[in-house]
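Take a look at the structure below.
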DNA sequence: CACCATTATTTGCTTTCGCAACTACATTCG
DNA sequence: CGAATGTAGTTGCGAAAGCAAATAATGGTG
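Residue numbers (the working numbering), protein chains in the order written: chain A, -8 to 161; chain W, -8 to 161.
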């Protein structure tokens, strides 16, 4: 199989596997997070990006890109987290159009507990599945894909957010 | 959260990459499908599973699993496709509780055009990104993950109680 | 400095989706 | 057989998310 082009349906299948894997994981996390922290996976996704950013804060648009939400979706998500007292908004001093989302003290405290628990859950879910090499390979291949997709976003004239995602995550 | 092993951090990042890749692809497909066929990516996902099944039909529950929807979500999705005349329901003769979703003639005709176009789109999006080996590897790794997740679903999918993991089990 | 195009975020509206309750059929077992 | 339990799918309902339009602040131009 070394140099043959990949067949059409193999490609479609791979894409399908990607979607299925993502939603499978999402659902698994969702259940656990809901039960233990009363958080949706999406909320957690937002919170974890904040928790892993310097100063526990990010611009709304940056956060939207990282959390795979549209600006509008993120606005609502942050609204909800604000109501729960986990996140606050801070007006950007340099540009008064802009806003930062910031973890509150409560939010930070929650995440200090939730992140290790989540890591343990991921570990539990993936344990014994991959060799270290495989896991590294998967990470590499996915990063390649993601970077390409976000670059393509700009290229194809879709909503061009700067594709420098996950600054604190890697 | 400060002193997590690096390995775990990488894991979280990989999971993040998976989510981002999936939504990136989803958004890309969505835009194209919406523009060219007035189809959502989710509808297309349902249709393509049917189109690729023997007889262009699948049981509702099987289709739900493949399309990453809950039974209820699939019911609605098939409702919509039925209103559009692309899919029909067929009662299962062996088990009158059950139903098949079947592509109609229109649905088949649509997919006969849409699938090659979609394949071309996927090709366009992925062109030059992976070697054949890499693509095969990605497919392999994702299949492993998906199969594991679906097995896990059956195994301890719904119970949050049995958090007892034996470390070093594998 | 007033004007226009641009960028960052929010809001109105609509669609989609999941959960839980419900219906209908099937299967098991006394 | 007939009640009890299980399974397939649907429905009511509320939450979440996207699109498009609105709002607000910037930046550039003449």
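Just so you know, even glycine gets a beta-carbon here, dropped at the ideal spot from N, CA and C.
Given the structure is predicted, the values throughout are model-derived calculations rather than measurements.
Two segments are said to touch when three or more pairs of C-beta atoms, one from each, lie closer than 8 Å; by this definition the segment 96 to 106 of chain A touches the segment 30 to 48 of chain A. In this structure, the straight-line span from the alpha carbon of residue 116 (chain A) to that of residue 140 (chain W) is close to 8 Å. The beta-carbon separation of residue 83 (chain W) and residue 92 (chain W), rounded to 11 Å, does not stay under the 8 Å limit for a contact. As computed with DSSP, residue 91 (chain A) is found in a beta bridge with A:50, A:81. When Cβ pairs closer than 8 Å are counted between the two stretches, the segment 42 to 54 of chain A is seen not to touch the segment 20 to 29 of chain A, the count staying below three. According to the DSSP assignment, residue 33 (chain W) belongs to the alpha helix (DSSP H) that extends over 32 to 42. Look at residue 59 (chain A) here: in three-state DSSP terms it is coil, with no helix or strand label. Using beta-carbon distances, residue 92 (chain A) does not count as an interface residue toward chain W, since no partner is under 9 Å.
Residue 6 (chain W) has its alpha-carbon roughly 22 Å from the corresponding atom of residue 72 (chain A). Closer than 9 Å at the C-beta level to chain W, one finds these residues of the segment 7 to 23 of chain A: 7, 8, 9, 10, 11, 12, 13, 14, 15, 16, 17, 18, 19, 20, 22, 23. Within the segment 109 to 135 of chain W, the residues whose Cβ lies closer than 8 Å to some Cβ of chain A are 109, 110, 113, 114, 116, 117, 120, 121, 123, 124, 125, 126, 127, 128, 129, 130, 132, 133, 134, 135, listed in chain order. Closest by C-alpha distance to residue 132 (chain A), out of W:65, W:126, W:60, is W:126. No Cβ of chain A is located within less than 9 Å of the beta carbon of residue 74 (chain W). Within chain A, 126, 129, 130, 133 have C-beta atoms less than 8 Å from the C-beta of residue 5 (chain W), given in sequence order.
Short of 7 Å from the beta carbon of residue 19 (chain W), and not among the five residues preceding or following it, lie these beta carbons of its own chain, in chain order: 116.
Proximity of residue 53 (chain W) to chain A, defined by a Cβ-Cβ separation below 9 Å, is not satisfied.
Taking a Cβ-Cβ threshold of 7 Å, the residues of chain W close to residue 59 (chain A) are 10, 11, 14, in chain order.
Contact annotation for residue 1 (chain A) against chain W: 130 [CB-CB distance below 7 Å, chain order]. Sixteen is the threshold: since fewer than 16 other Cβ atoms of the shown chains lie within 10 Å of the Cβ of residue 29 (chain W), the residue is exposed. By a beta-carbon distance limit of 8 Å, residue 13 (chain W) contacts residue 13 (chain A). Their separation comes to about 4 Å.
With contacts defined by Cβ atoms closer than 9 Å, residue 137 (chain A) and residue 119 (chain W) do not form a contacting pair.
The residue among A:34, A:95, A:87, A:43 with its C-alpha nearest the C-alpha of residue 66 (chain A) is A:34.
If the five residues before and after residue 59 (chain A) are omitted, its C-beta is found closer than 8 Å to the C-beta atoms of 36, all from its own chain and listed in chain order. Only residues of its own chain outside the window of five on either side were considered, and among them 91, 93 have a CB closer than 6 Å to the CB of residue 81 (chain A), listed in chain order.
Residue 95 (chain W) and residue 76 (chain W) do touch by the CB rule: their CB atoms are close to 6 Å apart, below 8 Å.
Residues 76, 77 of the same chain have their beta carbon placed closer than 7 Å to that of residue 97 (chain W), with the five preceding and five following residues left out of the count. Under the 9 Å criterion on CB atoms, residue 141 (chain W) is classed as interfacial with respect to chain A. Residue contact check for residue 137 (chain A) against chain W: a CB pair falls below 9 Å.
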